[in-house]
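The numbering of the first sequence is the working numbering, which starts it at 15 and goes up by one.
One structure is given below, encoded as structure tokens.
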Amino acid sequence: MANSPGVGDRGIRVRMAPSPTGPLHIGTARTSLYNYLFARHVGGTYVLRIEDTDAARGSDEHERDIIDNLHWLGITWDEGPQVAGGEDIGPFGPYHQSQRSSLYAAEAERLLASAQAFRCYCTPEELDAVRREQEERKEPPRYSGRCRNLTDAERDAFETEGRRAAIRFRVPGEVVTFDDLIRGRVEIAAEALGGDRVIVRSDGSPLYHFVVVVDDAAMRITHVIRGEDHLSNTPLHVLLFRALGHDVPVFAHIPLILNPDRTKMSKRRSQTAIRAYREQGYLPEAMVNFLAFLGWSPGTEEEIFALKTLAERFEIEHVHKAGAVFDKDRLDYLNGVYIRSLTDEQLAVRLRSFVPEALDDRGLLAVIPLIKERMVRLADAGELVAFLVEADGEVASRYGPDGLMSPKADAAATAMALTRARTELEATAAEDFAAGELEARCRGAAEALGWKAGDFFKPMRVAITGRTVSPPLFGSMELLGRERCLARIDAALAKLATVVAA
RNA sequence: GCCCCCAUCGUCUAGAGGCCUAGGACGCCACCCUUUCAAGGUGGAGAUCACCGGUUCGAAUCCGGUUGGGGGCACCA
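Spelled out as structure tokens, the structure:
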């Protein structure tokens with residue numbers, strides 16, 4: 015493939031250009047990741063540029079969210095804003111579009127001077143009217159070209175009328191060809207662009223398609239890796255690069271991330287904010303691994319990769335062409351894999367903000383072996399650990415007498431078994447109150463009674479944790495301690511008594 | 001409507017003309033392990049490679065068409 019980059023090509027410069035109109039989106043995150051992996055793989059430079067030209071929709075808060083979550087994922091860049099609100103770093107700054115307006119004005123002026131652009135006096139209302147008529151006639155919407163060749167007199171007339179002119183780029187009637195690293199050669203007739211396109215509004219503010227091109231050229235971007243939704247816009251960009259006298263970068267349009275119904279992933283149908291995943295306790299390692307494999311694979315059967323390995327193995331040519339459905343089950347699986355791969359100490363640090371403060375650091379570290387392989391997300395720890403911090407009364411309020419009974423045992427039998435269990439606990443000294451000892455005693459008791467261990471343990475589990483599903487029973491009891499276990503069993507016995515009596 | 005892109009198990013994918021009676025992973029089912037739930041182990045179901053034509057000794061892989069899906073068509077980004 016033409017212009018295929020090689021490892022060690024230091025001249026390569028890529029960029030990510032998020033718009034702070036919302037929190038970091040899954041799709042933006044993956045595009046950022048692919049740019050990052052590509053840059054690191056070839057030893058190029060990665061630039062972050064903030065497309066904050068939409069003052070109405072954009073906000074500092076979103077910019078902060080984007081930068082913060084990019085960092086969270088482990089993605090780093092060489093030029094751009096390092097911290098939201100902080101100084102931009104790099105030789106081609108500023109890296110905020112809102113601070114580059116003079117450049118856009120100057121570049122638009124150049125196009126005007128060379129007659130590759132012209133002033134258009136049509137008002138948005140007039141344009142709208144024309145577009146509506148075209149739609150009614152089932153014609154593709156297209157600029158009429160009314161102001162394309164205005165005489166000086168006509169221009170003066172509009173000016174004296176008080177009209178403010180927008181600047182339009184004169185779109186030539188040719189077939190634009192460009193090479194895409196993923197799709198190969200793409201040819202699109204410029205005619206499909208809908209006529210001469212506005213590049214600067216009548217209020218003087220530049221439009222996105224003009225601004226990206228100006229900035230990419232100014233920042234010496236050599237490879238533009240972006241979502242496939244930009245494929246149709248690319249001819250316009252190519253034309254603009256040429257009109258401005260710049261080299262055209264190499265493009266790579268990556269497939270879209272899809273909703274389960276295979277439409278472009280949207281907030282409407284899916285959870286799209288990276289922040290939301292972070293808050294639920296997805297690990298950045300899992301997120302990165304998952305995102306990297308949505309549309310790319312190393313061509314082998316390995317599939318657990320750290321960011322660094324991903325950068326070593328990533329090859330843009332191996333990116334798939336078709337869109338990929340966001341498969342949450344797979345993300346969950348990967349998250350579990352990464353959670354289980356952490357040491358207890360590492361996991362404790364990550365879990366701190368997800369569990370109640372009432373559980374101190376020692377207590378947290380102690381439960382981890384019991385809950386580690388039961389978590390899909392870090393936030394799941396809260397429920398798994400709840401029995402430790404809940405008051406005895408709260409635990410008891412979670413179940414009724416029926417909840418304590420095994421399928422085959424009635425209230426009286428259950429009370430008898432629980433009483434026996436209580437005897438075993440009471441006979442265990444506080445210093446011997448450990449999982450191994452407790453299990454041995456309770457198993458012995460179950461056997462003596464002729465009960466299956468599982469049946470015997472069920473009322474105990476419910477009494478101790480207030481739940482039929484819990485971390486391992488004896489480890490849980492050890493953590494809870496002798497006195498609280500006895501109290502909880504007493505509470506359960508009391509509930510049973512009300513039924514037995516009746 | 002017009003333009004563009006795409007098409008392998010439900011999902012993510014391997015596959016660069018013979019290695020494919022199409023491989024892996026997630027999910028699903030069964031069994032094993034087992035104090036519940038998980039985790040782990042073993043096995044299984046699941047894809048006539050969208051369809052139709054062509055090229056070739058040979059096609060999931062190349063070409064053309066059809067169908068289906070998606071994306072783009074602003075003085076939004």
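Ideal Cβ placement from N, Cα and C applies to all residues, glycine included.
Predicted model, so just to flag it, every value in this text is computed and none were measured.
| query | result |
| --- | --- |
| Cβ of valine 225 within 9 Å of Cβ of threonine 67? | yes |
| What's the gap between the Cα of glycine 20 and the Cα of leucine 253? | Since pLDDT at glycine 20 reaches only 45, below the 50 mark, its modelled position is unreliable, and no value is offered. |
| Please report the straight-line C-alpha distance between glutamate 153 and arginine 145, rounded to a whole angstrom. | 9 Å |
| Among Thr236, Pro249 and Thr428, which has the Cα closest to the Cα of phenylalanine 192? | Pro249 |
| Can you tell me which of Thr428, Lys422 and Thr442 puts its alpha carbon nearest to the alpha carbon of alanine 477? | Thr428 |
| Start and end of the beta strand (DSSP E) containing tyrosine 157? | It is not in any beta strand (DSSP E) - tyrosine 157 carries neither H nor E in the DSSP assignment. |
| Would you mind listing the beta strand (DSSP E) stretches within the region 107-158 that are 3+ residues and don't spill past its ends, in chain order? | 131-134 |
| Looking at the structure shown, is alanine 31 part of a helix, part of a strand, or coil, going by DSSP? | coil |
| Kindly indicate which three-state DSSP category histidine 267 falls into: helix, strand or coil? | strand |
| Inspect the CB distances between the region 272-279 and the region 62-81 and report whether three or more fall short of 8 Å. | no |
| Count the CB pairs spanning the region 112-120 and the region 337-354 that are closer than 8 Å, and state whether there are at least three. | no |
| Using a Cβ-Cβ cutoff of less than 8 Å, which residues in the same chain neighbour tyrosine 222 once the five nearest sequence positions on both sides are dropped? | Glu65 and Thr67 |
| Rounded to a whole number of angstroms, what is the C-alpha to C-alpha distance between alanine 506 and alanine 460? | 18 Å |
| When you compare each of Arg133, Gly396 and Gly337 to phenylalanine 183 by their alpha carbons, which one comes out closest? | Arg133 |
| In chain order, what residues of the same chain have a beta carbon less than 8 Å from the beta carbon of alanine 372, not counting five sequence neighbours either side? | Val403 |
| In the DSSP assignment, find the beta strand (DSSP E) that holds valine 214 and state where it starts and stops. | 211-214 |
| State the beta-bridge partners of alanine 287 as determined by DSSP. | His39 |
| Specify, as a first and last residue, the run of the beta strand (DSSP E) that phenylalanine 192 falls within. | 189-194 |
| Pull up the distance between the alpha-carbon of histidine 237 and that of asparagine 303, whole angstroms please. | 23 Å |
| For the beta strand (DSSP E) containing histidine 237, list its first residue and its last residue. | 237-241 |
| Buried or exposed, going by whether 16 or more other CB atoms sit within 10 Å of the CB of glutamate 77? | buried |
| Contact defined as beta carbons within less than 8 Å: I believe lysine 1 pairs with serine 411. What is the distance between those atoms, to the nearest angstrom? | The requested residue 1 does not occur in the structure, where the chain is confined to residues 15 to 516. |
| Given that a residue counts as buried once 16 or more other Cβ atoms are within 10 Å of its Cβ, and exposed if not, what is aspartate 261? | exposed |
| Mapping the DSSP letters down to three states, classify aspartate 538 as helix, strand or coil. | Absent from the model: residue 538. The displayed extent of the chain is 15 to 516, so no value can be given. |
| Within the same chain, show all residues whose beta-carbon is closer than 6 Å to that of proline 312, passing over the 5 residues directly before and after it, in chain order. | Arg327 |
| Does DSSP put valine 226 in a helix, in a strand, or in coil? | helix |
| Of the residues Phe265, Gly407, Leu392 and Ser490, which one's Cα is nearest the Cα of alanine 501? | Gly407 |
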